[in-house]
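In order, the protein sequence lines correspond to chains A, B, C and D.
According to numbering that gives the first Met the number 0, numbering within the first sequence proceeds without interruption in unit steps and concludes at 338.
According to numbering that gives the first Met the number 0, numbering within the second sequence proceeds without interruption in unit steps and concludes at 338.
According to numbering that gives the first Met the number 0, numbering within the third sequence proceeds without interruption in unit steps and concludes at 338.
According to numbering that gives the first Met the number 0, numbering within the fourth sequence proceeds without interruption in unit steps and concludes at 338.
Ideal Cβ placement from N, Cα and C applies to all residues, glycine included.
Protein chains: 4
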Amino acid sequence: MTFLDLVKAPTSAPDDIRALQALRAEGYSPADVVAVIAKSEGNGCVNDFSRTLAARAWAEVVPPAAVIVISGGTEGVLSPHVTMLVRAHGHESGLRGAVASTGVIAKTDLGRIGQMLAVETSVRDAMARAGLTAQETHFVLVKCPLLTSEDIEACRVAGESPVASDTYGSMGHSRAASALGVALALGECSPSDAAAALETPGTVWSSTASVSSGAELQDCKVVVLGSTETQGRLRARHSVMHDAIDVPVVQSLLKAVDEEGGHVVQVFAKAEADPSGTVRGRRHTMLTDSDFQSTRHARAAVGGLLAGLFGDPCIYVSGGAENQGPPGGGPITVVYRVP
Amino acid sequence: MTFLDLVKAPTSAPDDIRALQALRAEGYSPADVVAVIAKSEGNGCVNDFSRTLAARAWAEVVPPAAVIVISGGTEGVLSPHVTMLVRAHGHESGLRGAVASTGVIAKTDLGRIGQMLAVETSVRDAMARAGLTAQETHFVLVKCPLLTSEDIEACRVAGESPVASDTYGSMGHSRAASALGVALALGECSPSDAAAALETPGTVWSSTASVSSGAELQDCKVVVLGSTETQGRLRARHSVMHDAIDVPVVQSLLKAVDEEGGHVVQVFAKAEADPSGTVRGRRHTMLTDSDFQSTRHARAAVGGLLAGLFGDPCIYVSGGAENQGPPGGGPITVVYRVP
Amino acid sequence: MTFLDLVKAPTSAPDDIRALQALRAEGYSPADVVAVIAKSEGNGCVNDFSRTLAARAWAEVVPPAAVIVISGGTEGVLSPHVTMLVRAHGHESGLRGAVASTGVIAKTDLGRIGQMLAVETSVRDAMARAGLTAQETHFVLVKCPLLTSEDIEACRVAGESPVASDTYGSMGHSRAASALGVALALGECSPSDAAAALETPGTVWSSTASVSSGAELQDCKVVVLGSTETQGRLRARHSVMHDAIDVPVVQSLLKAVDEEGGHVVQVFAKAEADPSGTVRGRRHTMLTDSDFQSTRHARAAVGGLLAGLFGDPCIYVSGGAENQGPPGGGPITVVYRVP
Amino acid sequence: MTFLDLVKAPTSAPDDIRALQALRAEGYSPADVVAVIAKSEGNGCVNDFSRTLAARAWAEVVPPAAVIVISGGTEGVLSPHVTMLVRAHGHESGLRGAVASTGVIAKTDLGRIGQMLAVETSVRDAMARAGLTAQETHFVLVKCPLLTSEDIEACRVAGESPVASDTYGSMGHSRAASALGVALALGECSPSDAAAALETPGTVWSSTASVSSGAELQDCKVVVLGSTETQGRLRARHSVMHDAIDVPVVQSLLKAVDEEGGHVVQVFAKAEADPSGTVRGRRHTMLTDSDFQSTRHARAAVGGLLAGLFGDPCIYVSGGAENQGPPGGGPITVVYRVP
């Protein structure tokens, strides 16, 4: 059972690691880091080199076992920053967590049942080591690979059929399979429903998964976080936004934190363009804008809403919420401190 | 003194004028239309042909004297729609308004004192005809021209110096001069301060101006709206957001409307990337994103926030708030109905 | 048998129809127009409203039977312009052609065998009326519909399976089916090969088809052009570029025209990002650029090459060459005048 | 006097340094590297992190004194690759060159006379060490800094006036000042003309300068290359394209190389959107496209043309040609090998 502390700091560029000063100011050293979870300022899509650059800079300063998850895209008011999860000093924190990795995901398993089951196993493993039950688990972060053009061509040459014929498309399939793996590990659906959901999106979803995909890794990295609500000074809660502008859900979270006398130190949320093409019955244009990817639109909008409600632009809003919350919505987790 | 009613309807494409059915359902005809104010789904920047397309379609069906203002850009959850202001039947409405046009703005006056004074005159004229004092005026919409590449080249050939050497830059200067014209008309600043503000942005601003620029017109079109708070069943209020995530200001507006027993039927707000490069002291990346214009980022973020707080994606959020509210913020007007 | 003349003129905006002056200067009237083929300056993708705007402006001035094909995208040095095909005066022209339309393509037929066969029939019909054999046919232009978000959602609700789950994807499938229809009409492949090619792209292709898709129509419009090489003063030739930088093929066309003493008056070419991810064995990045669609990249590059080789930026280069020429290449047609 | 050899290799990602294998295959080691000149696949504009990523990877493997110039942007058919200039073995090469750096450019000097004179000094210094006269100098590459949002804000706070109020604008001013520094060093203009050209673009230009700007450095890096035409087996030539589609100039270069029995191994060219808004009298839309920067358009078009004429997508085409060749055109240098 590992208790964690959370240190958050702004970054001035993807490879800015001055957040280590904030870490030291809290009495920690880089050796204490269990996970680095950052928002960098690229496009969050296929050719987002801000992710690779940030991952490279952080890999030089944290322990090899630390999981580094860089999520691209700080559209609108969102501000580039890094969240460091560290092994807590003393016994004050109520936040528990652990990290895990699947092995390399075979190109033909990407976006399919092979990836889904590998993620399920890793999540179960991390939960066990963190001493978290499904009910106590409030956040499961997964970073997963995608198919590059080279991968797709290699499959073609080998006579294999990849899950998608283009890189951007593969990102969605990889996120979907990972999220279903989380749902399985948390008992949110049956194996047969999960398998079916790989074919028919939007039927089954996890209420704690936050998945992003990128070209900078070959395996899936997993971070689980949780707490028992009434214990410790650092705690977590989660809920699910049912669409991109679900203000009441956010207000309920804020109210619950307030009732415990706490203040929010970080928010983790997912955003996506509602696949129905509408929000509250009104047509949106995120899916028909050929100049700007829908994931970028969604991060900008949900980021604006959450930055406003929490009064903080340094929050983690990640795009592409396949099987993470209901279609058009997404899970939202808050980590908060009580006096 | 003209009392106005407001009819709002979604659009399925820039040239969709089926909103006329909603108009007729309310007992009005196209001949009653005083102004058409629409959000169309282009990029809201220089090459936004959705604006021209929409303006062309509406010009075929409303009276020649009606002002047509199409603002491009429905990023994020914002939904394309049209707001029609019509001469009200009976005496129930408390909403008063009028429209006016400057003559053609000379290319060398664009973004300068000539445009500013022309807008001031038109706003005063419209207010007088609407019977509105400065205090009763809650919204001044201006649509103004820009400099095309041809205009800039023509200036160069003629040995004249245009206010900007590129089209996108000219849009900002045109909005700035128009907003200062509004500020002058409403007594929000002195003529000398306004003239100085043309050179030094951000020092003086209007709290009711909402300006957008486009290639589809050569003059400036003006729409003024206002009401006395306690009279009539259709009313307006306004306030100023001090940054892009100023939730308390919006909640105050909502509370005031609620206290009158009203419900909001339309929101008009301006959005811009804070020119300081930060929001609440945190770095934003809207001004350094070479793939996506800052006005689009700002509309997406503020649109997400306001659509959430008002529970409606069909709201008018317009980008580029030079001298419209403080730097990084912008005016916000609500039109609401009481039973 | 209809002999055609060709008048080309630049445009200053998508709805600029001053090209009619050039038409009149050649002694023609709008009533003589058989087809309008324009390049407009939108993104050429889903939300390209420059196409709708141009189509609307031209529909007001040409006969209802005239086919209007607007292809979006003038990236790089390409210049917006319009080509008008008119019934020729006298007997000097050797250029023959005709137009045809399929009926409305059912949403479930789009990108499938139904659309393919409808296009085949229309092309055969137009060739017959133009008096052109397959060998004399040098250019077959098709404009075809796409699936909007609404179409895709309507299919979903109706329990039908559209060919693509996103609008941009549907554009490619629609172009592919149309091009195979042309290949069938010209005897370039067997019906069974064409049907198979709908499933496996790149195996069969037409050497004269030029297809673009757009939201502004529900049926497929067809224009065929051809000539016997040694007759008349206006003639056509075609060839096939085997990749995006196939200079020798272009030089051969130029040489052939030169040997007849002619000069080129218009070029029609297709461009696409090579689906293998490489050009001449070198990696390109068109398919991994999430900020800019590959069709735009391809038009810019091929447009730069052809504008240079022909010394003219007012040429018709259209993106998305599914089954139009070999993968990564595309058909190229020149219309030229001999003294 | 330093004789150089040139090794060129494709890259699979910005941080791919496997080109060192090609270097070793030619009998060289990383210690021999004098300069690394790469095209990486970012947007080539402000937020191009592919440049930082590539620079970081190369800095780890080449000597500290080596100059690393990464130019972002491989639009269209252009292919990411790296060119390594190394101290030549033996006496076969006729290619001479040297590198130099200015000190850190003060933020208030950027884009102004201070930067211009610093570059002039560095170029003269490099030419002297390479033993090159102005006439023998065929290529002067400069990589120079830009103003970040932070820099601009810092100037504002300090009461200083930076050359531009936005980052993208500062890139152009920095390139312009650097190019004029090259022109001065090569005697292409007088100091007073150069100073005047800082204010009035397009009046004076260098025929050998190739300048790009980026956020990854604070000083200006200079690389000069040249040769005497008839000596050695590796040689250089240069010319100037007068517009973006100047085919005859390229053909003349090819012919001259052919007459010496040589074959081209690398091409260095500059591209820009003609500031007049036209190419060959025809309107282009590069400067009015708010979705895609003009430098990206220009690279795609000129890259397509040159890749076609040289039959090679791995060429160095760099965007933004302020004072580098005439407006709308740019210098072009070929390095070629004779048997």
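Outcome for residue i when other beta-carbon atoms lying within 10 angstroms are tallied against a minimum of 16
i: VAL301 of chain D; result: buried
i: LYS254 of chain B; result: exposed
i: PRO161 of chain C; result: buried
i: PRO62 of chain C; result: exposed
i: GLU258 of chain B; result: exposed
i: VAL156 of chain B; result: exposed
i: GLY280 of chain D; result: exposed
i: VAL103 of chain A; result: exposed
i: GLU271 of chain B; result: buried
i: PRO274 of chain D; result: buried
i: GLU215 of chain D; result: buried
i: THR284 of chain C; result: buried
i: SER92 of chain B; result: buried
i: GLY89 of chain B; result: exposed
i: GLY366 of chain A; result: Past the edges of chain A, shown from 0 to 338, lies residue 366 of chain A, and the structure says nothing about it.
i: PRO338 of chain D; result: exposed
Distance, residue j Cα to residue i Cα
i: ASP288 of chain A; j: GLY71 of chain B; result: 13 Å
i: GLN323 of chain B; j: TYR335 of chain C; result: 56 Å
i: GLY225 of chain C; j: SER205 of chain D; result: 48 Å
i: GLU187 of chain D; j: ARG128 of chain D; result: 20 Å
i: ASP150 of chain A; j: VAL239 of chain D; result: 41 Å
i: GLY319 of chain B; j: VAL6 of chain B; result: 26 Å
i: TYR38 of chain C; j: ALA58 of chain A; result: It should be noted that the sequence gives Lys, not Tyr, for residue 38 of chain C. Roughly 49 Å separates the two Cα atoms.
i: GLY41 of chain B; j: THR101 of chain D; result: 45 Å
i: SER293 of chain B; j: SER317 of chain B; result: 12 Å
i: THR202 of chain B; j: ALA195 of chain B; result: 9 Å
i: ILE69 of chain B; j: HIS296 of chain C; result: 30 Å
i: THR179 of chain C; j: THR136 of chain C; result: The sequence shown places Leu at residue 179 of chain C, rather than the Thr named in the question. Between LEU179 of chain C and THR136 of chain C, the C-alpha separation is close to 16 Å.
i: PHE291 of chain A; j: ASP290 of chain C; result: 6 Å
i: MET115 of chain D; j: LEU146 of chain D; result: 16 Å
i: ALA193 of chain B; j: THR207 of chain B; result: 15 Å
i: VAL118 of chain A; j: GLY110 of chain A; result: 11 Å
First and last residue of the uninterrupted alpha helix (DSSP H) at residue i
i: CYS154 of chain C; result: 148-156
i: GLY171 of chain A; result: 166-184
i: LEU22 of chain D; result: 18-24
i: GLN250 of chain A; result: 246-258
i: ALA341 of chain A; result: Lying outside 0 to 338, the shown extent of chain A, residue 341 of chain A is not represented and no answer is given.
i: ASP192 of chain C; result: 190-198
Range covered by the beta strand (DSSP E) that runs through residue i
i: GLN292 of chain C; result: First-last for GLN292 of chain C: undefined, no H or E at that position.
i: ASP398 of chain C; result: Residue 398 of chain C lies beyond the range of chain C shown here (0 to 338); nothing can be said about it.
i: LEU140 of chain D; result: 136-143
i: THR332 of chain D; result: 329-336
i: GLY339 of chain D; result: Any question about residue 339 of chain D goes unanswered here, given that chain D covers just 0 to 338.
List in chain order: all unbroken beta strand (DSSP E) runs of 3+ residues lying wholly within the segment 201-235 of chain C. 208-212, 218-225
Taking a cut of 7 Å between CB atoms, which residues from the segment 19-42 of chain A lie near chain D? GLU40, GLY41
Tell me the start and end of each unbroken alpha helix (DSSP H) in the segment 48-118 of chain D that is at least 4 residues and wholly inside, in chain order. 48-58
Going along the segment 227-246 of chain D in order, which residues come within less than 7 Å of chain C, judged by CB to CB distance? ALA243, ILE244, VAL246
Between the segment 288-304 of chain C and chain B, which residues of the former have CB atoms less than 7 Å from a CB of the latter, in chain order? ASP290
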